[in-house]
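Structure record follows, encoded as structure tokens.
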Amino acid sequence: MKKTLYLLTLLALFSLTACGQVKTTNLAKKADIQPTALKNTAKIEETVPNFGNGLFYFAYGSNMSLARMTERCGQDNFVDLGKAQLPGYSFYFYGRGYANIRPMASQTIEGVLFQVKDACLKSLDQVEGYPNTYQRQAVKIDWKNTNVLAQVYIVEKDQTMGTPTAEYYQIVLSGAQEHNLSDSYINQIKALAE
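Position one of the sequence shown corresponds to residue 0 (numbering that gives the first Met the number 0), numbered consecutively onward.
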């Protein structure tokens, strides 16, 4: 009963978010609920045992790199759940040369799903310039045939295209390669960086 009520609450929040009726920033915390899968909940619980009340976070840029995440969060504050997909969005480097995403129904972004503790999320907020540069939103991620509500950082104010520095590009590329993202997706990242 409790699990059913919990899932219905998540679905209601997700529906309101999709309709623009609820601000998506840190929904799980504001609703005082724990983030979890929208279906197949047992898979998530079996995969990440004893990790407390961590939030799910989807990385698509330099944070796909385990070295970068460890540098930013410390190795005890996150769990790497592996590659995942975000349908309905496209990847690009925005005007300042950093990774960004934007809605595009025909596209799917590949990235990495993490479960992060509050300390990690606060650190990511700081380095990502939240809320001034990047906004944090809740989005539905496809992970191992499971839908997961996860936090993602998006720059909404700058839709212009940019070119990443060689150093930043290498971090993004290494994160994509270490998580075995598809060759076609890695080639797309390479093409956007030229």
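Glycine included, every Cβ here is placed at the ideal spot set by N, Cα and C.
- Within the model, the alpha-carbon separation for Asn179 versus Ser64 is close to 12 Å.
- Assignment of Tyr93 by DSSP, reduced to helix, strand and coil, places it in the strand class.
- In summary, Ser183 is exposed, with fewer than 16 beta-carbon neighbours lying within 10 Å of its beta-carbon over all protein chains present.
- Rounded to the nearest whole angstrom, the CA to CA distance from Tyr133 to Val78 is 23 Å.
- It is roughly 7 Å from the alpha-carbon of Gln158 to the alpha-carbon of Gly94.
- Residue environment for Pro163: buried (at least 16 other C-beta atoms within 10 angstroms of its C-beta).
- Of the candidates Ser89, Ile170, Leu112, Glu155, Leu112 places its Cα closest to the Cα of Thr145.
- DSSP, read as helix, strand or coil, puts Gly53 in coil.
- The residue among Asn131, Glu109, Ala149, Lys143 with its C-alpha nearest the C-alpha of Ser61 is Glu109.
- In the DSSP assignment, Arg67 is bridged to no other residue.
- Counting only residues of its own chain and dropping the five nearest sequence neighbours on each side, Ala104 has a CB closer than 8 Å to the CB of Gly87.
- Sorting Asp75, Ala98, Glu70 by C-alpha distance to the C-alpha of Glu155 places Ala98 at the top.
- Judged by DSSP secondary structure, Leu120 falls within the alpha helix (DSSP H) whose first and last residues are 117-126.
- In terms of Cβ geometry, Phe55 and Gln114 form a close pair [threshold 8 Å].
- C-alpha of Val126 to C-alpha of Met68: approximately 11 Å in a straight line.
- Per DSSP, the beta bridge partners of Thr107 are Pro86.
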